[in-house]
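Following: one structure in structure tokens, then a few remarks.
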Amino acid sequence: MKILVLIGNVPDTTTKIKFNSEKTALDASGVQWIINPWDELALTRAMELKENSAGAIEMVVVATVGRQETEATLRKALAIGADKAIRIDTEPKDGFYVASQLAPVAGGYDLIFAGIEASDYNGAAVGGMLAELLGIHSISSVSGLQLEGGQITINREIDGGSQTVKMTTPLMAIVQKGIAKEPRIPAMRGIMMARSKPLEVIPAIEVDVLTSFESFSLPPAKAACKKVPEDQAKTLIYMLRDEAKVL
Amino acid sequence: MSVLVYTENWDGKFKKISFELASYAVALAEQMKVPAVALSLGKVDETELKKLGNYGIESIMSDTNENYIGLDNQAIAKAVAIAAEKAGANVILIAHSNLGKAIAPRLSIKLKAGLVTAIHGLPLSLQPFTVLKNVFTNKAVGKVLVHAEKKVLTLAANSFGSQENIVTTIINHFDAGLSNTDFATKIEQTNKVTGKVLLSDADIVVSGGRGMKGPENWAPLEELAELLGAGTACSRPVSDEGWRPHSEHVGQTGKMIAPNLYFAFGISGAIQHLGGVSSSKVIVAVNKDPEAPIFEAADYGIVGDVFKVIPQFIEAVKEIKS
Amino acid sequence: MNFNFSEEQIMIQQAARDYAQRELIKDVLERDATSTFPAQHVKALSELGLMGMMVSPDYDGGGMDTVSYVLAMEELSKIDAGTSVIVSVNNSLVCFGLEKYGSEKQKEKYLKPLARGQKIGAFLLSEPEAGSDATSQRTTAEDKGDYYLVNGTKNWITNANSASTYILIAQTHPEKKHKGINVLIVDKDSPGISLGPHEDKMGMRSSDTHSVMFTDVKVPKENRIREDGFGFTFAMKVLEAGRIGIAAQALGIASGAFERATSYAKERKTFGTTIGNHQAIAFKLADMAVKIENARNLCLKAAWLKDQNQPFGVASAMAKQYAADIAMEVTTEAVQIHGGYGYVKEYHVERLMREAKLTQIYEGTSEIQKIIISRKLLK
Numbered sequence: 018m019k020i021l022v023l024i025g026n027v028p029d030t031t032t033k034i035k036f037n038s039e040k041t042a043l044d045a046s047g048v049q050w051i052i053n054p055w056d057e058l059a060l061t062r063a064m065e066l067k068e069n070s071a072g073a074i075e076m077v078v079v080a081t082v083g084r085q086e087t088e089a090t091l092r093k094a095l096a097i098g099a100d101k102a103i104r105i106d107t108e109p110k111d112g113f114y115v116a117s118q119l120a121p122v123a124g125g126y127d128l129i130f131a132g133i134e135a136s137d138y139n140g141a142a143v144g145g146m147l148a149e150l151l152g153i154h155s156i157s158s159v160s161g162l163q164l165e166g167g168q169i170t171i172n173r174e175i176d177g178g179s180q181t182v183k184m185t186t187p188l189m190a191i192v193q194k195g196i197a198k199e200p201r202i203p204a205m206r207g208i209m210m211a212r213s214k215p216l217e218v219i220p221a222i223e224v225d226v227l228t229s230f231e232s233f234s235l236p237p238a239k240a241a242c243k244k245v246p247e248d249q250a251k252t253l254i255y256m257l258r259d260e261a262k263v264l
Numbered sequence: 219m220s221v222l223v224y225t226e227n228w229d230g231k232f233k234k235i236s237f238e239l240a241s242y243a244v245a246l247a248e249q250m251k252v253p254a255v256a257l258s259l260g261k262v263d264e265t266e267l268k269k270l271g272n273y274g275i276e277s278i279m280s281d282t283n284e285n286y287i288g289l290d291n292q293a294i295a296k297a298v299a300i301a302a303e304k305a306g307a308n309v310i311l312i313a314h315s316n317l318g319k320a321i322a323p324r325l326s327i328k329l330k331a332g333l334v335t336a337i338h339g340l341p342l343s344l345q346p347f348t349v350l351k352n353v354f355t356n357k358a359v360g361k362v363l364v365h366a367e368k369k370v371l372t373l374a375a376n377s378f379g380s381q382e383n384i385v386t387t388i389i390n391h392f393d394a395g396l397s398n399t400d401f402a403t404k405i406e407q408t409n410k411v412t413g414k415v416l417l418s419d420a421d422i423v424v425s426g427g428r429g430m431k432g433p434e435n436w437a438p439l440e441e442l443a444e445l446l447g448a449g450t451a452c453s454r455p456v457s458d459e460g461w462r463p464h465s466e467h468v469g470q471t472g473k474m475i476a477p478n479l480y481f482a483f484g485i486s487g488a489i490q491h492l493g494g495v496s497s498s499k500v501i502v503a504v505n506k507d508p509e510a511p512i513f514e515a516a517d518y519g520i521v522g523d524v525f526k527v528i529p530q531f532i533e534a535v536k537e538i539k540s
Numbered sequence: 092m093n094f095n096f097s098e099e100q101i102m103i104q105q106a107a108r109d110y111a112q113r114e115l116i117k118d119v120l121e122r123d124a125t126s127t128f129p130a131q132h133v134k135a136l137s138e139l140g141l142m143g144m145m146v147s148p149d150y151d152g153g154g155m156d157t158v159s160y161v162l163a164m165e166e167l168s169k170i171d172a173g174t175s176v177i178v179s180v181n182n183s184l185v186c187f188g189l190e191k192y193g194s195e196k197q198k199e200k201y202l203k204p205l206a207r208g209q210k211i212g213a214f215l216l217s218e219p220e221a222g223s224d225a226t227s228q229r230t231t232a233e234d235k236g237d238y239y240l241v242n243g244t245k246n247w248i249t250n251a252n253s254a255s256t257y258i259l260i261a262q263t264h265p266e267k268k269h270k271g272i273n274v275l276i277v278d279k280d281s282p283g284i285s286l287g288p289h290e291d292k293m294g295m296r297s298s299d300t301h302s303v304m305f306t307d308v309k310v311p312k313e314n315r316i317r318e319d320g321f322g323f324t325f326a327m328k329v330l331e332a333g334r335i336g337i338a339a340q341a342l343g344i345a346s347g348a349f350e351r352a353t354s355y356a357k358e359r360k361t362f363g364t365t366i367g368n369h370q371a372i373a374f375k376l377a378d379m380a381v382k383i384e385n386a387r388n389l390c391l392k393a394a395w396l397k398d399q400n401q402p403f404g405v406a407s408a409m410a411k412q413y414a415a416d417i418a419m420e421v422t423t424e425a426v427q428i429h430g431g432y433g434y435v436k437e438y439h440v441e442r443l444m445r446e447a448k449l450t451q452i453y454e455g456t457s458e459i460q461k462i463i464i465s466r467k468l469l470k
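Those sequence lines, one after another, are chains A, B and C.
Residue 18 is where the first sequence starts when you use the numbering used here, and the numbers rise one by one after that.
Residue 219 is where the second sequence starts when you use the numbering used here, and the numbers rise one by one after that.
Residue 92 is where the third sequence starts when you use the numbering used here, and the numbers rise one by one after that.
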């Protein structure tokens, strides 16, 4: 059995977002790049599954669409335990473009993990699109996944509760928080072994984008917070009714 | 040409977001000068379907196949695609809900449509088709151009609001022609959140952070939430510690919400938390640390002890209600 | 000249940072308050391979360089020097000495479990009558043919209780002075070893520091490292390496306090603006930043020399003296910037200030480092 984990490269979640002077792209100077948090949880779960599979899962592969600077996050994925990394050498443009680049390398896996969205452009697109391109089933908002034989038991969040469902392979699991407790920190041994693991670079295929960002703006600054003393907390509720008109 | 809006239901009842979505569809259709058509999948009775008419929907396609209840991503995407072809839709509107996020990308591939998720507001222009969406987890707004002729859009909850507009509705039976083999998701167990307001539906959200000191202290917060008809939420450390379920975690890696009113009790307001709640219309913060960053994002605040403040809030809400 | 870190070095720095900021921070105040040994953290750090990170993979270590070690030590120490000292002693005193000077058999038996972090080591040099002065050892290791009989007391021993393996410096031939000193590997559970009470320290309160008493403790001859009389050279060489760990620790304490002070200066407002906008505070931060940068460069230089197999004794003395002294200065200023908040435990900087003090004292006081540096100058 083989697992593929899709990896996105995003600015650290504490980054203060700035754009270039034309406001057409992120100003990436000083940005620290990390594995998209949901993808990192997915990879952690994939490693747990492999370790508990008694050899049934032969390999965990990670794949990303990005230029050479994204290799640092792939190396980290290898240090965490992935057996092989694939980088498709192009800019990740829109969700359709990325999914189309991944489709040729994503065949033949029993289970594919994708994060529910990326913390940069919040597209929530690639996993579902890739599943459709591959013609395999997908399940989204996955917060737990167990493997027994070819059967996959999944916990997913639905609008109004949660569900336990059964699915079969091949499957695209689009995961959110809860899929693994905490992202795994690579151990020294893993970092050392990452040196000798394969990182395959594949040229991009030609695909037209369907969407593009024309420009960006920062949300307007908020007015100062109106403070009420602790012992007059009740007046705040009246302000919410009479002034803010939200009660 | 038309705007097709997929109005989700849960157990035969439309969700709040479906009415908001219907209002948006009607407004967008008017802007595009085409009709708006609603699509309902699953067993929804006529009385419920007609409620869409309160929000300006004049035409409904209803496929009452019971299998939709399994929320199979592939099957629902397929059904919506078939309906879209049938309705001649060039814009398909979906809620940015768990289900919406699951089906919209698949649908966009089927229709060769451009996908933009979690949009807010009507298009700035139709030619080129330009919409706004939040990016970098609400830290910025992006202007997105859709180059494809067809568009699949998911609408961020509480970003448009539902607008009453009572019209006469025609219900057309529709059969997407799905067979049992299209439904691959086998439901073993469903745990419904009952007696509680859904976070995604809530107009008011009452949220607690580490300043609540422990899970045993949530009772007053829950009492306030119940009085207000509010949903309950929490910050990341609280769900990480297991004080509250993960489903209540709001913030960058949890849920992103945009209620009219958000109460943050004992939440310091890390940038990741603010990302998930900053679209709220009004934020009230209570924290003992006057320097807590939550006050930068808040509209109203109290520097003080949450355990002294919440009972006063409860008392005031009771006064207002009586 | 190249100031860029390798991809691996950055990954190690991030791993240590992630662990520190995610896990160590959780209970650091409680451990400080109650002087509780961070057993769970030591276990987790072992699993991450940080307890023997520079040991060759042949002996189950992480195979990382000293530059990586400095980066990791800085990150751990930003949050909790009480834990990082355990890491430092195990890595740069115990594992380093065993790997460099131990026999194949000793490495197999003692180094491997230490490098894996299954066991912890302690380095026993200081005595009640002499701190880091290795020449005047009163603890004796009498040659009894096939074993040594050890008697005496060692003081201020980090990891004294939690360690399983002691590296002991003791005098065998008093007439030969420092040339009569030996270094022995001692199992902590050997009969005749007893511990003094847990020292109630000012800072680094979660590490377990005790005095260790030896009463007729038999140590097999095969546990002597190298030839008879090698102990003094061993101690000096090991301390040279150990200084890099403590220098990096002091650096981390300083940069941890600096990060807290900077973010506080950006948030806290007085007279209608953030305190960082007042020059009195802004210049303090600038001074702190320059000191930290200097300390970091000294630490990395010493580490780099060690990695290049070049002499690093003076460089590590400079790094240790400077980093420790500026750690004290920077943490004191960090408390000052925080004002009243700085004086309460919740804001961490008072703890960092208490921790900084020890870096000027242990593994050779700042004054000892100046002796080392100046002797080299005046040679």
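Virtual Cβ for every residue (Gly too), placed ideally from N, Cα, C.
Close to residue 98 of chain C, with beta-carbon spacing below 7 Å, are these residues of chain A in chain order: 89, 92. Chain order gives the chain B residues near residue 358 of chain C as 509, 510, 511, 514, where near means a beta carbon separation below 9 Å.
For residue 81 of chain A, there are no neighbours in chain B by C-beta distance under 9 Å, as the nearest C-beta there is about 18 Å away. Nearest to residue 383 of chain B by C-alpha distance, out of B:391, B:275, B:222, is B:275. Close partners of residue 42 of chain A in chain B (Cβ separation under 8 Å) are lacking, with about 11 Å as the shortest Cβ gap.
In the structure shown, the three-state DSSP call for residue 22 of chain A is strand.
Annotation: residue 336 of chain C to residue 180 of chain C spans about 8 Å, alpha carbon to alpha carbon. Contact residues of the stretch 146–163 of chain C toward chain A are 148, 153, 154, 155 (C-beta to C-beta distance below 7 Å).
Take residue 271 of chain C, set aside five residues on each side of it, and the residues of its chain with a beta-carbon closer than 7 Å to its own are 262, 263, 264, 265, 320, in chain order.
If you draw a straight line from the Cα of residue 246 of chain A to the Cα of residue 433 of chain B, it comes to about 26 Å.
Residue 157 of chain C: member of the alpha helix (DSSP H) spanning 157–170, first to last residue. In the DSSP secondary-structure assignment, residue 301 of chain C is bridged to C:248. DSSP places residue 335 of chain C outside any beta strand (DSSP E); the residue lies instead in the alpha helix (DSSP H), whose first and last residues are 322–358.
Residue 158 of chain C and residue 100 of chain C do touch by the CB rule: their CB atoms are close to 6 Å apart, below 8 Å.
Residues of chain A whose Cβ lies closer than 7 Å to the Cβ of residue 352 of chain C do not exist; the shortest such Cβ separation is about 18 Å. Distance from the CA atom of residue 448 of chain C to the CA atom of residue 87 of chain A, rounded to whole angstroms, is 42 Å. Following the DSSP letters along the chain, one finds residue 360 of chain B inside the beta strand (DSSP E) bounded by residues 358–364. About 18 Å separates the Cβ atoms of residue 367 of chain C and residue 382 of chain C, ruling out a contact at the 8 Å cut-off. Against chain A, the beta carbon of residue 531 of chain B has neighbours under 9 Å at 250, 251, 253, 254, listed in chain order. Within chain C, not a single residue places a beta-carbon under 7 Å from that of residue 64 of chain A; the smallest gap is close to 14 Å. Spatial neighbours of residue 175 of chain C in its own chain (CB-CB distance under 8 Å, excluding positions within 5 residues in sequence) are listed in chain order as 164, 167, 168, 340, 343. Within the stretch 187–259 of chain C, the runs of alpha helix (DSSP H) that reach at least 4 residues and sit entirely inside it are, in chain order, 187–192, 203–207.
The beta carbon of residue 232 of chain C lies closer than 8 Å to those of 239, 240, 241, 259, 261, 262, 263, 273, 275, 310 in the same chain, with the five residues before and after it left out. Cβ-Cβ separation between residue 115 of chain A and residue 219 of chain A: approximately 13 Å, too far for a contact (criterion under 8 Å). Here residue 185 of chain A is exposed: its Cβ has fewer than 16 other Cβ atoms, across all protein chains shown, within 10 Å.
As the crow flies, the alpha-carbon of residue 354 of chain C is around 18 Å from that of residue 111 of chain C.
Here the alpha carbon of residue 143 of chain C sits roughly 5 Å from the alpha carbon of residue 152 of chain C. In this structure residue 169 of chain A is buried. Its beta-carbon is surrounded by 16 or more other beta-carbon atoms within 10 angstroms. Residue 323 of chain B: member of the alpha helix (DSSP H) spanning 316–329, first to last residue.
By the Cβ rule, the stretch 384–394 of chain B does not count as touching the stretch 480–495 of chain B, because fewer than three pairs are nearer than 8 Å. Secondary structure at residue 151 of chain A: helix, using DSSP grouped into helix, strand and coil. Assignment of beta-bridge partners to residue 295 of chain B by DSSP yields no partner. As DSSP reads the structure, residue 79 of chain A sits in a beta bridge with A:22, A:102. Taking the Cα positions, residue 160 of chain A is about 10 Å away from residue 58 of chain A. For residue 278 of chain C, the secondary structure class from DSSP, reduced to helix, strand or coil, is strand. Residue burial annotation: residue 314 of chain B is buried, with at least 16 other C-beta atoms found within 10 angstroms of its C-beta.
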